[in-house]
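**Student:** So for the sequence shown, this note's numbering puts the first residue at 7; every next one is plus one. My structure is below; once you've seen it, I'll send some questions.
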Amino acid sequence: MASINMSIRTDSELKAQAEEILSQLGMSMNGTINMFLHQIVRDKAVPLSLSLSTPETLYADLMKARQERENGYLGRTGRQVLSDMDRLIEAVEADANEKEAV
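Laid out in structure tokens, this is it:
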């Protein structure tokens with residue numbers, strides 16, 4: 007497959023910030039853009055989402071979970087999660103079968 011050069015315009019500060027994050031993820035700007043384009047073609051959508059979790063985000067998640075426990079929420083068992091997944095799969099399959107019948 008032949009390669010081409012692409013040029014894009016972006017804010018220099020935005021580029022520097024993105025390169026810093028990509029560097030922390032062990033990625034390059036060029037590799038990331040190529041990965042992004044491959045994902046768009048494969049999924050026919052723009053689904054790519056990568057992130058670096060920050061201590062603040064983790065702390066906020068832990069505080070939310072703590073508050074939920076204090077309010078009486080104990081979470082779900084593995085069986086409950088699997089049961090919900092089975093119901094969702096059945097619903098999707100039923101919907102697909104209905105669409106095929108039409």
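For every residue, glycine included, the Cβ atom is placed at its ideal position computed from N, Cα and C. Note that the structure is predicted; figures quoted are calculated from it, not measured.
DSSP three-state call for Y65: helix, strand or coil?
**Tutor:** Reduced to three states, the DSSP call for Y65 is helix.
**Student:** Quick check: the Cα distance between G110 and E62, rounded to an integer number of angstroms?
**Tutor:** Beyond the ends of the chain as shown, which are 7 and 108, falls residue 110; an answer cannot be given.
**Student:** So, helix, strand or coil for N36, using DSSP?
**Tutor:** Three-state DSSP puts N36 in a helix.
**Student:** So, are the CB atoms of L58 and L31 less than 8 Å apart?
**Tutor:** Yes, the pair counts as a contact, with Cβ atoms nearer than the cut-off.
**Student:** Between which two residues does the alpha helix (DSSP H) holding G52 run?
**Tutor:** Reading off the sequence shown, one finds Val at residue 52, where the question assumed Gly. Segment: none, V52 is in no alpha helix (DSSP H) and carries neither H nor E.
**Student:** Among the candidates S9, E25, R72, whose CA atom is the shortest distance from the CA of T16?
**Tutor:** The shortest C-alpha separation from T16 is found at E25.
**Student:** I'd like the list of long-range same chain contacts for S13, defined as Cβ closer than 8 Å, with 5 residues on each side in sequence excluded.
**Tutor:** Taken in chain order, the list of residues that qualify is empty.
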